[in-house]
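*Asks:* Got a structure here, written out as C-alpha cells. Questions coming.
There are 2 protein chains.
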Amino acid sequence: MNERAIPLDAETKAVEQPDHHRDELRLWLRLLTCTSLIESEVRRRLRERFDVTLPRFDLMAQLDRAPQGMTLSDLSRRMMVSNGNLTGLVDRLVSSGHLDRRTSEVDRRAQVIRLTDLGRSEFRAMATEHESWIAAMFADLSRLERDDLMLLLGKTKGSARRAAGRISG
Amino acid sequence: MNERAIPLDAETKAVEQPDHHRDELRLWLRLLTCTSLIESEVRRRLRERFDVTLPRFDLMAQLDRAPQGMTLSDLSRRMMVSNGNLTGLVDRLVSSGHLDRRTSEVDRRAQVIRLTDLGRSEFRAMATEHESWIAAMFADLSRLERDDLMLLLGKTKGSARRAAGRISG
Chain A
79 MNERAIPLDA ETKAVEQPDH HRDELRLWLR LLTCTSLIES EVRRRLRERF DVTLPRFDLM
139 AQLDRAPQGM TLSDLSRRMM VSNGNLTGLV DRLVSSGHLD RRTSEVDRRA QVIRLTDLGR
199 SEFRAMATEH ESWIAAMFAD LSRLERDDLM LLLGKTKGSA RRAAGRISG
Chain C
79 MNERAIPLDA ETKAVEQPDH HRDELRLWLR LLTCTSLIES EVRRRLRERF DVTLPRFDLM
139 AQLDRAPQGM TLSDLSRRMM VSNGNLTGLV DRLVSSGHLD RRTSEVDRRA QVIRLTDLGR
199 SEFRAMATEH ESWIAAMFAD LSRLERDDLM LLLGKTKGSA RRAAGRISG
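Pasting the structure below:
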C-alpha cells in the first residue's frame with residue numbers, strides 16, 4: 079500500500095489519504111516487520127535447539143508463571159488461541175510427563191493444568207537461552223533507547239486498546 | 079517468564095539471567111502485545127466490514143504494489159507463507175474475478191498473477207479504510223513520538239537482523 083501503481087487523482091488522495099495516515103501505515107508495517115523477524119527467529123531456534131514449537135514454549139511459559147495451575151479456559155484466554163487448538167498440545171505434554179492435569183478442587187467440572195517438575199526444569203533451561211536470544215536481538219539499542227522504546231510501545235498499547243474498544247470504523 | 083514462581087538461587091540468577099535480559103524480554107513481550115492487538119483488530123474489522131480475511135487483504139496489497147504482476151514464488155517470499163497455502167487463496171480470487179493468472183512471457187514455466195480492475199478497485203476501497211483504522215490505533219502518539227518510534231523500530235529491525243544472521247545461540 080506504500081506505493082500505488084495507478085495514482086488516484088489529487089483531490090481524492092488529499093481527502094481520503096492524508097499524508098499523516100501514510101506515516102502511521104509505515105509505522106505499523108515496521109512494527110509488524112520487527113515482530114515477525116524476532117518471532118520467526120525464536121521459532122527457528124526453539125525448533126533447532128530444543129525440537130520444540132513456539133506454541134508449546136508459550137504454553138509452558140504461561141504455566142511457569144502460575145504455580146497453582148490454570149484451567150484450559152484461562153490458558154486459552156491468555157494465549158489468544160482456541161480451546162480446541164490447546165487440547166491436543168496439552169494432551170501431548172501430559173503424555174510426555176511435562177504437564178499434570180487434574181480435576182479442580184473448587185469446580186469439579188474444570189480441570190487444572192500444571193507443569194510437573196520435569197516440565198518446569200525443561201522449560202527453565204529453554205527460557206534462559208530464550209532470554210539471551212532476545213537480549214541479542216535488541217543489542218544495538220542503548221539502555222536509554224530501550225527505555226524510550228518501552229515507553230512509546232506502552233503508549234501505543236494504550237492507544238490501540240482505546241481505538242479497538244470503539245465501534246468499528 | 080516475567081515472574082518466576084520458584085526463585086532460582088541468587089548466584090545462578092546473576093550469572094544466567096542478568097537484570098538487563100529481563101528488560102529486553104519485557105520489551106519483546108510489549109512489542110508482541112502491540113502487534114497482536116493491532117493485528118487482531120484489523121483482522122476483525124476486515125471480516126466484519128468487508129467479509130475478507132487478513133491473508134487475502136495482504137495478498138491483494140502485495141499485488142497492488144506490483145502492477146506488472148508477481149509469480150507465486152515472489153508472493154510466497156514476500157508474504158512469508160508457503161506456496162501451498164497461497165495456491166488455494168489465489169485460486170479462489172481468480173474464480174471470483176479479482177485476480178488474473180497467466181503464463182509468464184519471460185519464463186513459460188512460471189505463472190504471473192495480477193489484480194484485475196475489479197480486484198484493484200475493491201482492494202483500494204478496503205485499503206483506504208484500513209489506513210484510517212491504523213491511524214486511529216496510533217492516535218494518542220504525537221507526531222514527534224511517532225517519528226521517535228519509527229527510528230527506534232528501525233534500529234530494532236537492524237539489530238534483530240544482525241542477531242538472526244549469526245549462528246544460532
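Residue numbers (my numbering), protein chains in the order written: chain A, 79 to 247; chain C, 79 to 247.
Positions of the beta carbon are idealized from the N, C-alpha and C atoms, including for glycine.
If you count every other CB in all the chains shown that lies within 10 Å of the CB of Asp225 (chain A), and 16 or more means buried, which is it?
*Replies:* exposed
*Asks:* Cβ of Arg198 (chain C) within 9 Å of Cβ of Asp142 (chain C)?
*Replies:* yes
*Asks:* Quick check on Ala128 (chain A) - is its C-beta less than 9 Å from some C-beta in chain C?
*Replies:* First, the amino acid is wrong: residue 128 (chain A) is Phe here, not Ala. Not one chain C Cβ lies under 9 Å of Phe128 (chain A).
*Asks:* Cutting at 8 Å between CB atoms, please list the residues of its own chain near Leu164 (chain A), excluding the five before and the five after it.
*Replies:* Leu137, Leu150, Leu153, Ser154, Met157
*Asks:* Compare the C-alpha of Ala217 (chain C) against each of C:Asp101, C:Ala241, C:Arg125, C:Ile116 and name the closest.
*Replies:* C:Ile116
*Asks:* Check this for me: beta carbons of His99 (chain C) and Ala139 (chain A), under 9 Å apart or not?
*Replies:* no
*Asks:* To the nearest angstrom, how far is the alpha carbon of Ser182 (chain C) from that of Leu193 (chain C)?
*Replies:* 15 Å
*Asks:* Would you identify the three-state DSSP class for Thr181 (chain A), choosing helix, strand or coil?
*Replies:* strand
*Asks:* Given a cut-off of 9 Å, decide if Arg122 (chain C) and Glu207 (chain C) are closer than it, judged by their beta-carbon atoms.
*Replies:* no
*Asks:* Would Thr234 (chain C) be called buried (16 or more neighbouring beta carbons within 10 Å of its own) or exposed?
*Replies:* buried
*Asks:* I want to see whether chain A comes within less than 9 Å of Gly232 (chain C), judged by CB atoms only; does it?
*Replies:* Output row for Gly232 (chain C): interface = yes.
*Asks:* Quick one: using the 10 Å Cβ neighbour count with 16 as the cut-off for buried, is Leu230 (chain C) buried or exposed?
*Replies:* buried
*Asks:* Decide if Thr113 (chain A) is buried, meaning its Cβ has at least 16 other Cβ atoms within 10 Å, or exposed.
*Replies:* buried
*Asks:* Can you tell me which of the three DSSP states Leu193 (chain A) falls into?
*Replies:* strand
*Asks:* Out of C:Gln146, C:Glu200, C:Leu110, state which residue places its alpha-carbon closest to the alpha-carbon of Leu171 (chain C).
*Replies:* C:Glu200
*Asks:* Residues of the stretch 105–133 of chain A with a CB closer than 8 Å to any CB of chain C: list them in chain order, please.
*Replies:* Leu105, Trp106, Arg108, Leu109, Leu110, Thr111, Cys112, Thr113, Ser114, Leu115, Ile116, Glu117, Ser118, Glu119, Arg122, Arg123, Glu126, Arg127
*Asks:* I need the boundaries of the alpha helix (DSSP H) containing Gly236 (chain A), first residue and last residue.
*Replies:* 221–243
*Asks:* DSSP state of Met158 (chain A), grouped into three classes?
*Replies:* Looking at Met158 (chain A) - three-state DSSP - the assignment turns out to be coil, as it is neither helix nor strand.
*Asks:* Apart from the five residues on each side of it in sequence, which residues of its chain come closer than 8 Å, Cβ to Cβ, to Ser160 (chain A)?
*Replies:* Ser154
*Asks:* What would DSSP say about Thr113 (chain C), mapped onto helix, strand or coil?
*Replies:* helix
*Asks:* Are any of the Cβ atoms in chain C nearer than 9 Å to that of Ile212 (chain A)?
*Replies:* yes
*Asks:* Using a 10 Å radius around the Cβ and a threshold of 16 neighbouring Cβ atoms, would you call Ser173 (chain A) buried or exposed?
*Replies:* Exposed, by the Cβ-count rule.
*Asks:* Would you mind sorting Ser237 (chain A) into buried or exposed? The rule is 16 or more other CB atoms within 10 Å of its CB.
*Replies:* Counting the other CB atoms within 10 Å of its CB gives Ser237 (chain A) a total of 16 or more, which places it among the buried residues.
*Asks:* In chain order, what residues of the stretch 145–162 of chain C put their CB closer than 8 Å to some CB of chain A?
*Replies:* Result list: Pro145, Met158.
*Asks:* At what residues does the alpha helix (DSSP H) containing Ala139 (chain C) begin and finish?
*Replies:* 132–142
*Asks:* Quick one: using the 10 Å Cβ neighbour count with 16 as the cut-off for buried, is Val184 (chain A) buried or exposed?
*Replies:* exposed
*Asks:* In or out: Leu167 (chain A) buried (at least 16 other Cβ within 10 Å) or exposed?
*Replies:* buried
*Asks:* Buried or exposed for Arg186 (chain A), going by 16 or more other Cβ atoms inside 10 Å?
*Replies:* When all chains shown are included, Arg186 (chain A) counts as exposed.
*Asks:* Closer than 9 Å, CB to CB, is Glu209 (chain A) near chain C or not?
*Replies:* Under the 9 Å criterion on CB atoms, Glu209 (chain A) is classed as interfacial with respect to chain C.
*Asks:* Decide if Leu196 (chain C) is buried, meaning its Cβ has at least 16 other Cβ atoms within 10 Å, or exposed.
*Replies:* exposed
*Asks:* With a threshold of 16 other CB atoms inside 10 Å of the CB of Leu219 (chain A), please say whether the residue is buried or exposed.
*Replies:* Classification for Leu219 (chain A): buried.
*Asks:* Compute the Euclidean distance between the alpha carbons of Glu209 (chain A) and Ala242 (chain C), then round it to the nearest angstrom.
*Replies:* 14 Å
*Asks:* Would you tell me roughly how many angstroms separate the C-alpha atoms of Gly175 (chain C) and Asp169 (chain C), rounded to the nearest one?
*Replies:* 10 Å
*Asks:* Cutting at 8 Å between CB atoms, please list the residues of its own chain near Ala88 (chain A), excluding the five before and the five after it.
*Replies:* Since pLDDT at Ala88 (chain A) reaches only 43, below the 50 mark, its modelled position is unreliable, and the value read off the structure follows with that caveat. The answer is none, since no qualifying residue turns up.
*Asks:* Could you tell me the alpha carbon to alpha carbon distance between Ser118 (chain C) and Asp178 (chain A), rounded to whole angstroms?
*Replies:* 31 Å
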